[in-house]
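Chemist:
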Amino acid sequence: MEPLEPLECCAPLAREPIDPGRAAGVARVFKALGDPVRLRILSIVASHVNGEACVCDLTAAFELSQPTISHHLKVLKDVGLLTSERRASWVYYRVVPERLAELSGLLAAPTALTER
Numbered sequence: 000m001e002p003l004e005p006l007e008c009c010a011p012l013a014r015e016p017i018d019p020g021r022a023a024g025v026a027r028v029f030k031a032l033g034d035p036v037r038l039r040i041l042s043i044v045a046s047h048v049n050g051e052a053c054v055c056d057l058t059a060a061f062e063l064s065q066p067t068i069s070h071h072l073k074v075l076k077d078v079g080l081l082t083s084e085r086r087a088s089w090v091y092y093r094v095v096p097e098r099l100a101e102l103s104g105l106l107a108a109p110t111a112l113t114e115r
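So, in structure tokens, the structure goes:
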């Protein structure tokens, strides 16, 4: 998977139609989050102390092999939801808050829709 280009500050879906290129890119991110394991990984990393988690913390949270966890982490990194940093023999993962804010902003309903 190619890394997704950063989303610009985009209008909510309900305010204006999303163009086909942007839709394809955003769909890749949501597809990555559509897997329950990846969604849990993102949640574990985001809620971990200091907003980062060691791969050893993630492996312990699942009944999955380390290569399977690594695959899910790679998918989340490829779509820009996680970054990583190697420290000695461990890799630490951190959520990219700007990416989550972009997705949240994209899905935000305009006030006119929420007041119907």
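Going by numbering that gives the first Met the number 0, the sequence shown opens with residue 0, and the numbers climb by one from there. Glycine included, each C-beta is placed from N, C-alpha and C at the ideal position. Keep in mind it's a predicted model, so treat the numbers as computed, not measured.
Let me know if residue 28 comes out buried or exposed under the rule of 16 or more other beta-carbons within 10 Å of its beta-carbon.
Modeler: Per the 10 Å Cβ criterion, buried.
Chemist: Measuring alpha carbon to alpha carbon, tell me which of 54, 79, 81, 78 ends up nearest residue 68.
Modeler: Nearest C-alpha to residue 68: 54.
Chemist: From what residue to what residue does the beta strand (DSSP E) around residue 117 run?
Modeler: The question about residue 117 has no answer here: the residues shown for the chain are numbered 0 through 115.
Chemist: By Cβ distance below 6 Å, which residues in the same chain neighbour residue 84 in space, the five residues on each side in sequence not counted?
Modeler: 91, listed in sequence order.
Chemist: Check this for me: beta carbons of residue 43 and residue 59, under 7 Å apart or not?
Modeler: Going by C-beta atoms, residue 43 is not nearer than 7 Å to residue 59.
Chemist: Taking the alpha helix (DSSP H) that residue 39 belongs to, which residues open and close that run?
Modeler: 35-46 is the span of the alpha helix (DSSP H), which, as asked, contains residue 39.
Chemist: Under DSSP, the beta strand (DSSP E) around residue 14 begins and ends at which residues?
Modeler: No beta strand (DSSP E) contains residue 14, which DSSP labels as neither H nor E.
Chemist: Would residue 79 pass as a contact of residue 93 if the rule is Cβ separation under 7 Å?
Modeler: Cβ atoms of residue 79 and residue 93: not closer than 7 Å.
Chemist: In whole angstroms, give me the CA-to-CA distance for residue 23 and residue 46.
Modeler: Distance between the alpha carbons of residue 23 and residue 46: 29 Å.
Chemist: Give me the Cβ distance between residue 41 and residue 75, rounded to the nearest whole Å; I'm assuming they're in contact under 8 Å.
Modeler: At roughly 6 Å, the Cβ-Cβ gap stays under 8 Å, so residue 41 and residue 75 are in contact.
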